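S.K.:
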Amino acid sequence: WDEARWGRAEERLRRGVRSASAQSRRPRWPELERADLRSRLAAGVPVADLDGRPPDAGDRELLVGPEGGWSEAERALADAGGGRVQLAADVLRVETAAVAAASALAQARLGALRG
Numbered sequence: 000w001d002e003a004r005w006g007r008a009e010e011r012l013r014r015g016v017r018s019a020s021a022q023s024r025r026p027r028w029p030e031l032e033r034a035d036l037r038s039r040l041a042a043g044v045p046v047a048d049l050d051g052r053p054p055d056a057g058d059r060e061l062l063v064g065p066e067g068g069w070s071e072a073e074r075a076l077a078d079a080g081g082g083r084v085q086l087a088a089d090v091l092r093v094e095t096a097a098v099a100a101a102s103a104l105a106q107a108r109l110g111a112l113r114g
C-alpha cells in the first residue's frame, strides 16, 4: 500500500485491535505494524496456505496472504523460511483468516502448556 492508503487502513485496524482486546480483557494488546513481506519471510515467519502444516506452539506470528493467494515466488520464500501453515480446508476471506490464525496460534500454545 502507498502511504495514504496505509494511513487510512492503519487507524481502522488499530480501532479493531483496541476493541477486540478490550472485549477479551487482554492485559496486553497485539502489535500492529507495517512490515515488508520479504523481511518477514526471511525472518522465518510462516504463511497461511492450504498446503500447509498444522500450526504449532513455536509459531509466534503468521502472515495472511493477499486476495488471490500467494504467488509461487512467495511460497518458495516461505518454504525456505518458516514454511506454510494450514488454517482451514478452504480458502478464507482475509478477515476470517486473521481470526482463524489468532485462534489456531492460541490453541497451539494452549495445547503446549497443557502438555
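For the sequence shown, this note's numbering gives the first residue as 0, with consecutive numbering after it.
For each residue, glycine too, the CB sits at the ideal point set by N, CA and C.
These figures come from a predicted structure and were not determined experimentally.
1. Buried or exposed: VAL93, going by 16 or more other Cβ atoms within 10 Å of its Cβ?
2. Taking 6 Å as the limit between beta carbons, can you name the residues of its chain near VAL44, skipping five residues before and five after?
3. Going by alpha carbons, who is nearest to ARG83 out of VAL98, ALA47, ALA72 and GLY68?
4. Please classify GLY110 as buried or exposed, where buried requires at least 16 neighbouring CB atoms within 10 angstroms.
5. Helix, strand or coil, according to DSSP, for ASP50 in the structure here?
6. Which same chain residues end up closer than 8 Å to TRP28 when comparing Cβ atoms and leaving out the 5 residues on each side of it in sequence?
7. Looking only at DSSP bridge pairs, what is ARG83 linked to?
8. Here's the rule: buried if 16 or more other CB atoms are within 10 angstroms of the residue's CB, otherwise exposed. What is GLY64?
9. What residues in its chain sit with their C-beta under 7 Å from that of LEU86, if we drop five residues either side in the sequence?
10. Return the first residue and the last residue of the alpha helix (DSSP H) that LEU104 is part of.
11. What does the alpha-carbon distance come out to for the pair ALA42 and ASP50?
M.R.: Based on what the coordinates show:
1. Counting from 1 along the sequence shown, the entry for residue 93 is found at position 94. Result: exposed.
2. Numbered from 1 along the sequence shown, position 45 holds the residue referred to as residue 44. Excluding residues within five positions, the ones whose Cβ falls inside 6 Å are GLU60, LEU62 and GLY81.
3. Walking along the sequence shown from the start, residue 83 turns up at place 84. Taking the Cα of ARG83 as reference, the smallest distance to any Cα among VAL98, ALA47, ALA72 and GLY68 is reached at ALA47.
4. Sequence index remark: in the sequence shown, residue 110 carries index 111 (1-based). Exposed, by the Cβ-count rule.
5. Against the sequence shown, residue 50 aligns to sequence position 51. Assignment of ASP50 by DSSP, reduced to helix, strand and coil, places it in the strand class.
6. Stepping through the sequence shown from its first residue, residue 28 is reached at position 29. Same-chain partners within the cutoff: VAL16, ARG17 and SER20.
7. Along the sequence shown, one-based indexing puts residue 83 at 84. For ARG83, which the question treats as bridged, DSSP gives the partners VAL46.
8. Taking the sequence shown and counting its residues from 1, the one referred to as residue 64 is at position 65. Flag for GLY64 reads buried.
9. Here residue 86 is taken as the residue at index 87 of the sequence shown, counted from 1. Cβ contact annotation for LEU86 (same chain, cutoff 7 Å, sequence separation greater than five): ALA47, ALA96, ALA99, ALA100 and ALA103, in chain order.
10. As a first step, residue 104 must be located in the sequence shown, where it is residue number 105. Where LEU104 is concerned, the enclosing alpha helix (DSSP H) stretches over 93-113.
11. Translated into positions along the sequence shown, residue 42 becomes position 43. Translated into positions along the sequence shown, residue 50 becomes position 51. Their backbone Cα atoms lie some 20 Å apart in a straight line.
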